[in-house]
Amino acid sequence: MLGKEVSTTDEFVKGLWRENPVFIQVLGLCPALAVSNTAINALTMGLATTFVLLMSAMSVSALRSFIPREARIVSFICIIASFVTAVDYLIQAISIELSRSLGAFIALIVVNCLILGRAEAFASKNTLGRSVLDALGMGVGFTVALLWIGVVREILGSGSLFGVALFPDTFQTWTIMVLPSGGFFAMAMWLLLVNWLNERTAEAEKRAQEATP
Amino acid sequence: MSDASHWSVFVNAALVNNFVLAYFLGLCPFFGVSARLETAVRMGGAVSFVMLVASVCAYLINLLLDVVNAPYLKIISYILVIASTVQLVEMLMRKLSPPTFRAMGIYLPLITTNCAILGLALFQTNRGYGFTQAIAYALGAGIGFALALVLMAGVREKLDLANVPDLVKGTAAALIVAGILSMGFMGFAGLGR
Amino acid sequence: MNIPGPIQQPPTSAWSMYRAIVGIGAMCALLIVTVYQTTADRIRENQERFLAAAVSQILPAAQTTVAVVQTGAGRLEEAVETSALPVFMGYDADGELVGAVVTAQGMGYQDNIRVLYAYSFELDAIVGFKVLDSKETPGLGDKIEKEPHFLANFEALDATLTPDGDALLHPIVTVKQGQKLQPWQLDGITGATITSEAIGNILNDSANTWAPVLEKNSHAFAIREISEEQ
């Protein structure tokens, strides 16, 4: 990347908001909607993805001079698939129940465009240190985005948060929110909010620029 | 071998548990390619073909891995097979129909990261489908995916001409449409048992 | 084109391609196999614990279980490999047969449902039921998992066999909520008709397949030696 020198903290921070993988880059939608029907599922998926992202970014960055250009996609996919297989077994070893509720979606981390995208766009061209920061930032941003969607869907759709009931029994849950449609709607809602906030910031900056003589 | 009938497997994959609208698989191309009806149809066709090939290969890989007792190689084998199939489709398309190839652009190689195809392979394995059931499943999934894509494209083309607030234009509108389509497909539940 | 472009990389040699692909392949294989081996025992323990908890929930009298598998011509043998739909014979602390536990699955409203049920040789009935895997509609279909009035069906769901012992005398069938008259009927759940009927079908099909075989072989499996190592 040509241009200004990016500070090391910025490598991490950019993944949280400015280049948030779900809401700004619109990557990794499949798991974002599929596994975000409860907060705990969203958190687990986010952490698992962050782990794979981190490990594959580290591997790709460490091996970047070793992997020739023509073989890179195949190599990246092999590396990512291996870490995903590892995560799959690790989660099963931790809790069968968790593994069941996440189902096939752990395996689907391998086709999360976010991981392949970061490996290709960043880790293969940057030092190990920066790649780690980038991966962590993107991973945390992804997890946070997933949590936003998950929290909304669980509160409205099941009346609970992390399994703890929030409302008395008389609360009529919006079951649609834990169904696929709800995923789409929740994401649309957050996307609108994010777009609106970004627009306002851009307008405020523009006004500030015009104001200064 | 699961004892579900072929018809129920097919209908389930195409409508009741539509890969895009119920399982959230294949969303990247779904939102990326559904702006134009023509590309949507072509993408649907390409994905269906890759699904068919992937399904057969997944079945064979499973047999092989069961024989050598190496279940941990499933994910990596599936994804490598899918990547190769997409490469093959790309080469075929470039030879047989260059204009289609150019129209699809970047989206053709992106079929590799289409979670729908890997999802197909994984679900088929988990449910223990036999060979003919796997084919029915792949056909159903492909047609369902193409159907969702075409419906989405039709709506989005019309939406482009409508008076939509700037904030909502683009992905947000597409998400809301997808949510409504998903609700519509919920009406198929219980069909074809 | 004479425009000087970015620094051209020299064409990649075949050796460096092979080296990369084989090297990466070897490293990945090492990673996968290491994790697999390290976690295999723990995973098996988890799965056994999960199944054991489910079995003791629906067949409390059973202290030990033995997995069995059908081997053609209605014979039953101890299972050597784990099956996707395991069936167990349950024994109490004295090694006497107290019942069988069967896994069954079938299509529900949304997706596949996997259930576990306990069969009593004494009562010729299904005496326990637990949903293992279901993706039925939250708040409606998923009532089959916990709703007391539905679970009450399984205190003694009749599964008597025909005189020749080849099939269920009365097929298990789901009826509308509140209309259960016969012990082989399943009282359904209002608002979740399809899911309730699915459970009825799953149990009927499974019991028709397994109850005859279990009964015919119950003498062969009547007593189990409790080995010292346990």
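So the protein sequences, as listed, match chains F, W and R. The opening position of the first sequence corresponds to residue 915 in the working numbering, with each subsequent residue numbered one higher. The opening position of the second sequence corresponds to residue 13 in the working numbering, with each subsequent residue numbered one higher. The opening position of the third sequence corresponds to residue 9 in the working numbering, with each subsequent residue numbered one higher. Virtual Cβ for every residue (Gly too), placed ideally from N, Cα, C.
In the three-state reduction of the DSSP assignment, F:Q1086 falls in the coil class, being assigned neither a helical nor a strand state. Residue pairing by DSSP puts R:L176 in a beta bridge opposite R:L169. Taking every protein chain shown into account, the CB of W:R114 has fewer than 16 other CB atoms within 10 angstroms, so this residue is exposed. W:E50: member of the alpha helix (DSSP H) spanning 49–80, first to last residue. Here DSSP, grouped into helix, strand and coil, assigns R:S128 to strand. R:Q71 is the residue among R:Q71, R:P171, R:C36, R:S226 whose C-alpha sits nearest the C-alpha of R:D102. Distance from F:T963 to F:F1098 at the Cβ level is roughly 20 Å; contact not present, criterion being Cβ atoms closer than 8 Å. The stretch 992–1002 of chain F makes contact with the stretch 1018–1033 of chain F, as at least three CB pairs between them are under 8 Å.
Interface with chain F (9 Å Cβ-Cβ cutoff): W:M164 is excluded. Close to chain R, meaning a Cβ-Cβ distance shorter than 8 Å, are the following residues of the stretch 127–146 of chain W: R139, G140.
Using a Cβ-Cβ distance cut-off of 8 Å, the stretch 105–120 of chain R and the stretch 136–144 of chain R are in contact, since at least three pairs of beta carbons, one from each stretch, lie closer than that value. Legend: CB atoms of the stretch 971–987 of chain F lying less than 7 Å from CB atoms of chain R belong to residues F980, I981, P982, R983, E984, A985. Looking from the CA of R:S64, the closest CA among R:I202, R:F229, R:Y127, R:S214 belongs to R:Y127. Counting only the Cα atoms, R:Q55 lies some 10 Å from F:E1011. At a Cβ-Cβ threshold of 9 Å, R:A112 and R:L124 count as neighbours. Look at the beta carbons and you see the stretch 52–67 of chain W touching the stretch 148–158 of chain W: at least three pairs across the two are nearer than 8 Å. Inside the stretch 88–147 of chain R, DSSP marks no whole alpha helix (DSSP H) run of 4 or more residues. The DSSP-derived three-state label of F:S1074 is strand. Nearest neighbour of R:A61 by Cα position, chosen from R:V181, R:N225, R:K138, R:A215, turns out to be R:K138. Under DSSP, the beta-bridge partners assigned to R:I231 are R:E104. Boundaries for R:V63: no beta strand (DSSP E) harbours it, while the alpha helix (DSSP H) harbouring it runs 22–66, taken from the DSSP string. Near chain W, meaning a CB-to-CB distance below 9 Å, the residues of the stretch 1070–1096 of chain F are I1090, L1093, P1094, S1095, G1096. In its chain, beyond the 5 residues on either side, T124 have a beta carbon closer than 7 Å to the beta carbon of W:A95. Straight through space, the alpha carbons of F:T999 and R:V95 are spaced by roughly 29 Å. Relative to the Cα of F:R1032, the nearest Cα in the group F:L1105, F:M969, F:R1121 belongs to F:M969. Contact note: F:F1099 reaches chain W through L187, I188, G191, using a C-beta cutoff of 8 Å and chain order.
Rounded to whole angstroms, the gap between the alpha carbons of W:D78 and R:H157 is 43 Å. Under the three-pair Cβ rule at 8 Å, the stretch 43–62 of chain W does not count as touching the stretch 76–93 of chain W.
For R:Q187, there is no enclosing beta strand (DSSP E), since its DSSP letter is neither H nor E. Counting the other CB atoms within 10 Å of its CB gives R:G80 a total below 16, which places it among the exposed residues. For F:A1079, the pairing in a beta bridge is given by DSSP as F:S1074. Spatial neighbours of F:L1047 in its own chain (CB-CB distance under 7 Å, excluding positions within 5 residues in sequence) are listed in chain order as T922, E925, F926.
Closest in C-alpha terms to R:N161, from the list R:P220, R:I134, R:T170, R:D174, comes R:I134.
Assignment of F:V1001 by DSSP, reduced to helix, strand and coil, places it in the helix class. The beta-carbon of R:M115 is placed less than 9 Å from the nearest beta-carbon of chain W. When secondary structure is reduced to three states using DSSP, W:A201 falls in the coil class, being assigned neither helix nor strand.
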